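Student: Residue numbers (full-length UniProt numbering): 1 to 177.
Beta carbons are placed, not taken as given, at the ideal position from N, Cα and C, and that holds for glycine.
Owing to the predicted nature of the structure, the values given are computational and were not obtained by experimental measurement.
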């Protein structure tokens, strides 16, 4: 469990760049991919790339990312791509699209919605290390098996409430139309 605790302690210092910290200069796709890898790499546990050219192309094709202008990407694209990369680990692409629309509308644009997302993602990672009055493991059971079940059940519950919120917001939008 020392390895886990060390990793959790490292999550305490994880920082996502806020919208104003993202590059103002337009980026080529390779630069976009490099920055996403730099920003998300510290929390990426997969052996696969964080994001690929084909993923970006698919996100643009499916309307999750705006079309690049003259093959150049802006910090708006970068903000969307960072959020999408996190969100796709938890929810479907359709749910991501609905959620992005709800958040950008409710927060007054991508900059505020992205910054809000970053604040909440960092807080969620910090909370992993501060459950149960500051202990990683519950006093009831000090095993990794216990923690595994605790985390997977919380993940399901969190995904479930996310889905319900999206359903409510979609219904509210349909009623207003």
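1. Please determine, among 122, 147 and 151, the residue with the shortest C-alpha to C-alpha distance to residue 15.
2. Where does the unbroken alpha helix (DSSP H) through residue 4 begin, and where does it stop?
3. Would you identify the three-state DSSP class for residue 14, choosing helix, strand or coil?
4. Express the C-alpha separation of residue 23 and residue 70 in angstroms, rounding to a whole number.
5. Can you check DSSP and say which residues form a bridge with residue 69?
6. Take residue 126 as the anchor and find which of 11, 2, 7 and 103 has the nearest alpha-carbon.
7. For residue 13, tell me which candidate among 50, 19 and 42 has the shortest Cα-Cα distance.
Tutor: Let's see:
1. Ranking 122, 147 and 151 by Cα distance to residue 15 puts 122 first.
2. Unbroken alpha helix (DSSP H) run through residue 4: 2–11.
3. Here residue 14 sits in coil by DSSP.
4. As the crow flies, the alpha-carbon of residue 70 is around 17 Å from that of residue 23.
5. Looking at the DSSP assignment, residue 69 forms a beta bridge with 72.
6. Closest option to residue 126, judged by alpha-carbon separation, among 11, 2, 7 and 103: 11.
7. Of the listed residues, the one whose Cα sits closest to residue 13 is 42.
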